[in-house]
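Engineer: Please see the structure below; I have some questions.
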Amino acid sequence: MNQKSVPKRIANAIIHSLQGGVVPRVGLEYIAVGRAKEIDALLQDVEMVRAGGGSFRFITGRYGSGKSFLMQTLKNYALEKGFVVLDADLSPERRLAGTKGQGLATYKELVRNLSTRTKPDGGALSLVLEKWISALMTETAVQIGLNPGSSGFYEEVGRRIYTVAEQMEGMVSGFDFARAILRYWEAYRDGDSEGKSKVLKWFRGEYTTKTQARTELGVQLIITDDNWYDFIKLLAEFLVKAGYQGMLVIVDELVNLYKIPYSIARQYNYEKLLMMYNDVMQGKAAHIGFLMGVTPQCLEDTRRGIYSYEALRSRLTQGRFSSSMANDLMGPIIRLAPLTYEEMYVLLERLAGIHAGLYGYETRLGQEDLIAFLKTEYERIGADTQITPREVIRDFIELLNICCQNPDQSVSKLLGTMTLTGPLPDQSGETVSPEFSEFEI
């Protein structure tokens with residue numbers, strides 16, 4: 084790849100994000116390598132959602148194995164294809180279920196991060212509503228021959244909006260959802276900015292009492308820990324009627340469910356996960372796809388993990404014919420295998436070019452240098468099973484920084500003096516003590 088082909092703004096985001104151990108939100112196409120089979124499987128899910136179905140996938144791999152990268156790649160693809168994407172990371176304050184607003188907090192984060200192609204960084208809810216109303220107004224003007232402001236124009240637009248709202252009323256909580264849409268249209272028609280803000284506040288789950296929502300909007304329900312998932316399904320249905328291809332929901336860091344200290348609270352969350360999974364698999368949730376990022380231990384631990392909930396374990400456990408050599412990518416779980424040496428070499432080559440283009444120097448690392456670096460990394464004790472792309476990439480960017488700042492030193496000399504003393508994480512995501520990571524005889 085020509086290093087000059089990557090804009091500096093994007094190159095800067097790529098290098099600094101990867102150096103910090105996080106997935107860049109832009110420029111993934113410049114550094115994506117491998118995962119071809121996994122991506123093909125997920126693209127089939129996207130087409131299934133576009134056709135009106137649903138999908139539910141768990142992406143499992145160790146910390147730093149590329150789960151978030153894969154999901155972010157699919158997010159960018161879905162946005163380009165006209166989908167709306169909602170994403171959120173779970174945390175101690177954000178869960179799937181809870182009694183203190185943890186489920187609602189997850190809903191709020193999802194809606195806050197609602198993204199479209201023209202607004203990929205989130206906050207696109209108002210844009211979606213405005214675009215939909217604007218499209219209906221244009222359609223009315225063309226088909227009926229009425230100009231905005233003429234007699235009967237707003238009545239015709241309102242009739243079309245009422246038609247969409249009526250179609251939503253048959254779904255669970257659909258009547259109040261439809262009422263909120265109509266209230267937004269009325270506020271839009273009347274130029275009432277405060278009225279629009281109140282509707283957006285309701286959609287974002289920020290009303291705390293039904294009385295307040297009923298007084299200000301005339302709706303009987305508010306979004307809570309118990310019903311937030313119903314509103315996710317309603318939102319997916321509405322988005323399709325508003326002209327989008329479907330909705331993708333990305334939930335990462337499911338390991339935070341595994342970390343819940345109380346077994347009853349964990350079981351409630353796994354029960355919610357089962358309900359969502361059954362909904363999609365039984366065809367009760369249309370135009371919606373779920374991607375869940377989870378570590379192997381969080382998934383497979385039969386004491387605290389997802390497999391501790393028997394109904395989920397029986398649905399998700401691999402059959403007798405799957406193995407590391409022949410993984411079933413059509414099943415609900417996609418297990419990420421380590422990148423091959425060849426794939427890592429291509430990735431490092433691209434990063435070297437991007438780094439050189441960003442800081443304006445001629446890259447000094449040739450083929451032999453890249454191979455020597457990889458040998459240094461993979462010869463570490465435990466690297467054959469424990470090392471992940473994240474660790475290799477962070478070490479490599481550090482090497483590139485040092486090479487850039489010390490042009491008088493040879494690359495081979497820097498590699499020769501390179502010491503890797505950091506602990507390697509084990510399969511559970513915990514770290515192996517440095518005293519056992521490296522030793523001398």
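Just so we're aligned, residue 84 is where the sequence shown starts under our numbering, counting upward by one. Heads up, the beta-carbon is just placed ideally off N, CA and C, and yes, glycines get one too.
Grab me the residues of residue 525's own chain with a C-beta within less than 7 Å of its C-beta, minus the 5 sequence neighbours each way, in chain order.
Structural biologist: Summary: the structure shown does not reach residue 525, with the chain confined to residues 84 through 524, and so no result is reported for it.
Engineer: Drop a sphere of 10 angstroms on the beta-carbon of residue 298, count the other beta-carbons inside from all chains shown, and report buried for 16 or more, exposed for fewer.
Structural biologist: The residue in question, residue 298, is exposed, as its Cβ has fewer than 16 Cβ neighbours within 10 Å.
Engineer: By DSSP, does residue 191 sit in helix, in strand, or in coil?
Structural biologist: Helix at residue 191.
Engineer: I want to know whether the segment 171 to 178 touches the segment 441 to 455 - three or more CB-CB distances under 8 Å.
Structural biologist: In short, these stretches do not touch, since the Cβ pair count stays below three.
Engineer: I'd like to know whether the C-beta atoms of residue 167 and residue 430 end up nearer to each other than 7 Å.
Structural biologist: The answer is no: Cβ separation not under 7 Å.
Engineer: Is DSSP giving residue 106 helix, strand or coil here?
Structural biologist: Three-state DSSP puts residue 106 in coil, outside helix and strand.
Engineer: What is the DSSP secondary structure of residue 137, counted as helix, strand or coil?
Structural biologist: Strand.
Engineer: I need the straight-line Cα distance from residue 474 to residue 264, nearest angstrom please.
Structural biologist: Answer to the nearest angstrom: the Cα atoms are 48 Å apart.
Engineer: Buried or exposed for residue 240, going by 16 or more other Cβ atoms inside 10 Å?
Structural biologist: Classification for residue 240: buried.
Engineer: Throw me the rounded Cβ distance for the residue 102 and residue 463 pair, which I believe falls under 8 Å.
Structural biologist: 20 Å between Cβ atoms; not a contact.
Engineer: Near residue 99, what residues of its chain come up, given a Cβ to Cβ distance below 6 Å and the 5 sequence neighbours on each side ignored?
Structural biologist: Excluding positions up to five away in sequence, the list is empty.
Engineer: Write down every uninterrupted run of the beta strand (DSSP E) in the segment 154 to 226 whose length is 3 residues or greater and which is fully enclosed by it, in chain order.
Structural biologist: Correct list: 167 to 172.
Engineer: From residue 324 to residue 126, what does the alpha carbon distance come to, in whole angstroms?
Structural biologist: Roughly 22 Å between the two C-alpha positions.
Engineer: Three Cβ pairs or more, each shorter than 8 Å: is that satisfied between the segment 381 to 395 and the segment 351 to 361?
Structural biologist: Touching, yes, given that three or more Cβ pairs across the two stretches are closer than 8 Å.
Engineer: Touching or not, the segment 200 to 207 and the segment 359 to 377, by the rule of three or more beta carbon pairs under 8 Å?
Structural biologist: Counting Cβ pairs under 8 Å, fewer than three are found: no touch.
Engineer: Does the segment 317 to 336 come into contact with the segment 146 to 159, if we say contact requires no fewer than three beta-carbon pairs (one atom in each stretch) closer than 8 Å?
Structural biologist: With the cut-off at 8 Å, the segment 317 to 336 and the segment 146 to 159 touch.
Engineer: Secondary structure at residue 343, three-state DSSP: helix, strand or coil?
Structural biologist: The answer is coil: DSSP assigns residue 343 none of H, G, I, E or B.
Engineer: Distance, Cα to Cα, residue 414 vs residue 137?
Structural biologist: Spanning the two alpha carbons is a distance of roughly 14 Å.
Engineer: Which complete alpha helix (DSSP H) runs does the segment 272 to 339 hold, if anything under 4 residues is left out?
Structural biologist: List check, alpha helix (DSSP H) in window: 276 to 286, 293 to 300, 311 to 324.
Engineer: Count the other CB atoms, across all protein chains shown, that sit within 10 Å of the CB of residue 418; report buried if there are 16 or more and exposed otherwise.
Structural biologist: With 16 or more other Cβ atoms within 10 Å, it is buried.
Engineer: Among 378, 491, 326, which one has its Cα closest to the Cα of residue 199?
Structural biologist: Nearest of 378, 491, 326 to residue 199, Cα basis: 326.
Engineer: Report yes if the C-beta distance between residue 338 and residue 294 is below 7 Å; otherwise report no.
Structural biologist: Cβ distance not < 7 Å, so residue 338 and residue 294 don't count as in contact.
Engineer: Give me the residue from 494, 472, 416, 490 with the minimum Cα distance to residue 398.
Structural biologist: Selected option, being the one with the closest Cα: 416.
Engineer: With C-beta atoms as the reference, is residue 97 less than 7 Å away from residue 107?
Structural biologist: Yes, the pair counts as a contact, with Cβ atoms nearer than the cut-off.
Engineer: Taking buried to mean at least 16 other C-beta atoms within 10 Å of its own C-beta, is residue 151 buried or exposed?
Structural biologist: The residue in question, residue 151, is buried, as its Cβ has 16 or more Cβ neighbours within 10 Å.
Engineer: Kindly indicate the opening and closing residues of the beta strand (DSSP E) around residue 374.
Structural biologist: From DSSP, the beta strand (DSSP E) with residue 374 extends over 371 to 377.
Engineer: Under a Cβ-count criterion, where at least 16 other Cβ atoms within 10 Å of its own Cβ denotes burial, should residue 190 be classed as buried or exposed?
Structural biologist: Its Cβ being crowded by 16 or more others within 10 Å, residue 190 is buried.
Engineer: What's the gap between the Cα of residue 259 and the Cα of residue 481?
Structural biologist: Looking at the two C-alpha atoms, the distance is approximately 54 Å.
Engineer: So who's on the other strand from residue 143, going by DSSP bridges?
Structural biologist: For residue 143, which the question treats as bridged, DSSP gives the partners 377, 418.
Engineer: Is the separation between the beta-carbon of residue 497 and that of residue 455 shorter than 7 Å?
Structural biologist: No, these two residues do not count as a Cβ contact at 7 Å.
Engineer: Quick one: give me the first and last residue of the alpha helix (DSSP H) that residue 411 is part of.
Structural biologist: That residue, residue 411, is in no alpha helix (DSSP H); it is neither H nor E in DSSP.
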